[in-house]
Amino acid sequence: MLTSDGAVLCQWGPGNVPIEANARVLLYGAIDNAQEIQAQLGLPRDASNAATYLSAVEAWGDAADTRIIGTYAAIIREGTTGIRISRSPWKAPPLFWTREKGRLLVSASPRLIFSAGYPKRLAAGRYAEMLYWIEPDPGAYWYEGLHKCPQGTIIHLSGECDRQYQWYTPASLPEVRLTDDREYVEAASGLLSDAVRASLAPSQKPGILLGGGLDSSLVAEEMLQQLQPGKFLESFTFTPHRDWRGHAPEGLFADDRPWVEGFAATRPQLNPHFCDNDGHDFDSLMEKLVLASGIFRPSTMISSVFDGPALQARQAGCDWLFDAGLGNNTFSNDGRWAYVEFLKQGKLRELWAMLRDQPGDTRSMPRRFLARSVLMLLPEKLRQAARIAVHGQPQSLSRDFSLLRKDAIRDYCLEDLARRRGDSRTGEWFRSREQWLEFVWRNCDYAPEMHTACEEVYGLRMRDVTAYRPLIEFCAGIPTEQFVRAGRQRWLARRMAQGRLPEDQRHNTNYGMHHADWHLRMSRRLPELRAELSAIKEDEELDALIDVERGLERIDNWPANTSHDLPTMQRHFHAIGGAVLTARYKRIIEGKNR
């Protein structure tokens with residue numbers, strides 16, 4: 001953390017790794033084109049990322065960030081009282097700032113700002129927003145007076161005035177047009193190779209979160225190609241609990257293990273590990289993550305399936321754990337906005353093939369066409385009216401995700417707030433490429449402090465290999481037909497995988513599931529969950545928000561068998577779990593045992 005008087009109160013880095021620092025700059029993250037920048041500035045090749053970044057800013061000013069490719073957050077002291085803070089685009093580490101007793105406080109973690117004496121007060125209405133899965137506006141944060149530097153943004157802070165400059169926006173990305181289909185595959189494969197090379201550079205013993213899909217498997221395959229002889233790649237895969245006896249619905253698969261084993265069978269340098277998270281549940285690491293990050297969101301329980309594999313990676317001695325989090329939004333994109341785009345462009349043959357081959361959609365072709373293409377051309381109010389006419393109620397995943405009382409949703413204007421902030425979850429697919437790109441951009445700045453908190457709790461460094469700016473920009477600009485062709489979605493990834501992945505995996509069109517075993521796990525804990533839910537009534541503030549009786553009724557009428565019907569899973573796993581964890585979070589930050 002850096003203060004406006006230049007004092008470095010704490011050098012902070014997950015897993016006890018200090019951020020790079022000198023008298024003027026603190027930097028956490030990676031500069032992937034550091035050697036290129038060093039050559040341009042005449043710096044030695046062994047210059048640190050922090051020194052390289054500072055020299056770039058001194059030479060080029062705020063234009064330096066446009067020349068730097070990487071995933072980083074940086075703080076530079078300017079003069080005697082000023083501070084310049086910046087974050088790269090696409091999944092940058094976080095930066096927070098505030099003013100306290102005449103000083104500027106800037107930190108990669110809210111907890112350090114609180115440890116410096118800044119009061120920890122949640123802003124008004126935040127519990128309601130949290131339970132409805134609504135994020136604060138860009139630049140705002142959950143706590144009063146605390147601000148977050150947005151991604152792709154530079155802020156000059158001083159005692160008198162602040163200047164904010166958003167130098168990066170996805171709306172300005174150019175189209176990418178090449179000569180033929182083969183060139184797109186070659187270009188995407190080359191950029192993936194560059195991304196892997198940059199990611200592997202600091203790692204001595206890499207690990208990867210590996211699933212049965214195309215994205216993480218292609219990243220792992222490229223890593224294996226780049227490993228030195230005699231080196232191994234450790235892979236970590238979550239599976240359903242060993243006692244689970246369910247099955248996946250049509251169009252989905254519940255267990256990645258068979259796919260990973262098939263991939264690993266002919267790759268002696270890959271050492272696969274599997275974890276059914278026995279002993280780890282959706283709440284197991286919750287308290288540690290809250291203490292590390294200073295915040296909690298009910299939505300983060302989705303990622304709890306990675307807790308066991310990540311801890312397994314630490315036990316295996318890995319120093320870095322990689323993933324392909326943006327894979328499905330880069331080279332392995334399914335191009336689902338094409339249902340509307342193809343209709344608007346009159347590409348009816350392509351549209352018919354896409355409607356015909358959509359995994360898991362058992363509706364008639366006319367209904368698919370109306371729901372996925374025609375309806376999406378209508379204004380939102382007309383779409384809602386049509387859904388009410390067919391289904392009896394408007395689609396709102398946010399309502400199913402929580403136990404919020406109806407009057408709380410109304411009083412806090414949560415539907416309008418969610419719509420304004422881009423967090424309105426209706427279950428609709430994207431109406432355009434622009435809407436998809438804006439969604440991905442916003443999600444890349446979703447809970448960055450949880451990523452660094454996970455690094456600290458797991459005890460290793462982590463990176464999304466596919467969050468590589470040149471790869472993202474390339475995939476955002478290529479024609480939709482590179483992602484969808486003749487009804488085959490993820491067409492780019494399937495061509496990239498030719499000769500690299502097993503053929504059955506390359507042609508598989510089913511989607512992988514998270515929390516397939518949710519019913520088994522929660523059923524074993526119903527008495528505990530009932531007690532925690534009932535205790536919420538003792539908290540006046542939360543009792544006014546959370547409909548405890550509705551939650552208890554769901555426990556009393558608990559489904560007898562596993563259901564993968566999305567509303568059922570949301571109303572039980574997400575809504576009950578989210579209410580319980582929100583109450584725990586409130587007790588933690590208020591210093592209460594009960």
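For the sequence shown, UniProt numbering begins at 1 and goes up steadily by one. C-beta: ideal position from N, C-alpha, C; glycine also.
With distance defined between alpha-carbon atoms, name the residue in the options nearest to residue i.
{"i": "His515", "options": "Cys161, Thr562 and Pro136", "result": "Thr562"}
{"i": "Arg405", "options": "Val305, Ala575, Asp46 and Arg99", "result": "Ala575"}
{"i": "His153", "options": "Glu129, Asp65, Gln228 and Leu146", "result": "Note on residue identity: the sequence assigns Thr, not His, to residue 153. Nearest option by C-alpha distance: Asp65."}
{"i": "Thr239", "options": "Pro309, Gln228 and Leu214", "result": "Pro309"}
{"i": "Gly70", "options": "Ile472, Leu581, Arg584 and Ser523", "result": "Ile472"}
{"i": "Trp518", "options": "Val374, Arg383, Gly212 and Trp244", "result": "Trp244"}
{"i": "Leu27", "options": "Gln38, Pro93 and Gln40", "result": "Pro93"}
{"i": "Ala447", "options": "Ala116, Ile134 and Ala30", "result": "Ile134"}
{"i": "Gly213", "options": "Asp180, Glu540, Leu501 and Leu552", "result": "Leu501"}
{"i": "Ala544", "options": "Tyr127, Ser107 and Val106", "result": "Tyr127"}
{"i": "Val580", "options": "Ile76, Met130, Ala39 and Asn33", "result": "Met130"}
{"i": "Gln570", "options": "Asp400, Glu449, Arg554 and Arg485", "result": "Asp400"}
{"i": "Gln182", "options": "Arg442, Gln40, Ile113 and Arg495", "result": "Looking at the sequence itself, residue 182 is Arg, so the reference to Gln does not match. Nearest of Arg442, Gln40, Ile113 and Arg495 to Arg182, Cα basis: Arg495."}
{"i": "Arg99", "options": "Ser86, Trp90 and Gly82", "result": "Gly82"}
{"i": "Phe306", "options": "Leu192, Ile208 and Arg433", "result": "Ile208"}
{"i": "Leu270", "options": "Asp278, Asn277, Val260 and Gly279", "result": "Val260"}
{"i": "Phe236", "options": "Ile302, Gln315, Arg84 and Met513", "result": "Gln315"}
{"i": "Val484", "options": "Ala56, Pro136, Ser158 and Asp334", "result": "Asp334"}
{"i": "Leu375", "options": "Ala418, Gly477, Arg420 and Glu428", "result": "Glu428"}
{"i": "Ser284", "options": "Ser303, Gly294, Arg267 and Thr266", "result": "Ser303"}
{"i": "Glu449", "options": "Pro527, Leu157 and Ile295", "result": "Ile295"}
Give me whichever residues DSSP pairs with residue i in a beta bridge.
{"i": "Thr480", "result": "Looking at the DSSP assignment, Thr480 forms no beta bridge with any residue, so it has no partner."}
{"i": "Tyr165", "result": "Ile154"}
{"i": "Pro206", "result": "Trp320"}
{"i": "Leu404", "result": "Ile546"}
{"i": "Phe253", "result": "Gly512"}
{"i": "His147", "result": "Trp97"}
{"i": "Ile31", "result": "Gly70"}
{"i": "Arg587", "result": "Paired residue(s): none; Arg587 is not in a bridge."}
Using DSSP with H/G/I as helix, E/B as strand and the rest coil, what is residue i?
{"i": "Val25", "result": "strand"}
{"i": "Gly335", "result": "coil"}
{"i": "Phe369", "result": "helix"}
{"i": "Leu348", "result": "helix"}
{"i": "Gly159", "result": "coil"}
{"i": "Arg419", "result": "helix"}
{"i": "Gln358", "result": "coil"}
{"i": "Gln384", "result": "helix"}
{"i": "Ala560", "result": "coil"}
{"i": "Arg524", "result": "coil"}
{"i": "Gln505", "result": "helix"}
{"i": "Gln315", "result": "helix"}
{"i": "Gln38", "result": "helix"}
{"i": "Arg490", "result": "coil"}
{"i": "Gly325", "result": "coil"}
{"i": "Lys592", "result": "coil"}
{"i": "Thr330", "result": "coil"}
Here's the rule: buried if 16 or more other CB atoms are within 10 angstroms of the residue's CB, otherwise exposed. What is residue i?
{"i": "Asn328", "result": "buried"}
{"i": "Thr80", "result": "exposed"}
{"i": "Met482", "result": "Position check: residue 482 holds Gln in this sequence, whereas Met was assumed. Buried, since its Cβ has 16 or more Cβ neighbours within 10 Å."}
{"i": "Ser109", "result": "buried"}
{"i": "Tyr165", "result": "exposed"}
{"i": "Gly211", "result": "buried"}
{"i": "Asn49", "result": "buried"}
{"i": "Gly360", "result": "exposed"}
{"i": "Ser88", "result": "buried"}
{"i": "Arg349", "result": "exposed"}
{"i": "Cys161", "result": "exposed"}
{"i": "Met354", "result": "buried"}
{"i": "Gln38", "result": "buried"}
{"i": "Thr362", "result": "exposed"}
{"i": "Lys101", "result": "exposed"}
{"i": "Leu382", "result": "exposed"}
{"i": "Met462", "result": "buried"}
{"i": "Tyr585", "result": "buried"}
{"i": "Val440", "result": "buried"}
Item to check | Inside the region 64-134 only - alpha helix (DSSP H) runs reaching at least 4 residues | outcome: For the region 64-134, whole alpha helix (DSSP H) runs of length 4 or above, ordered along the chain, are 64-67, 110-115 and 126-131.
Those runs of the beta strand (DSSP E) which lie wholly inside the region 263-311 and span at least 3 residues: 270-275
Notebook entry, point to check: At what residue ranges does the region 428-486 contain a whole run of the alpha helix (DSSP H), taking only runs of 4 or more?
Noted result: The qualifying runs are 433-444, 448-458 and 469-477.
Every unbroken alpha helix (DSSP H) within the region 185-249, with a cutoff of 4 residues, ordered by chain: 215-226
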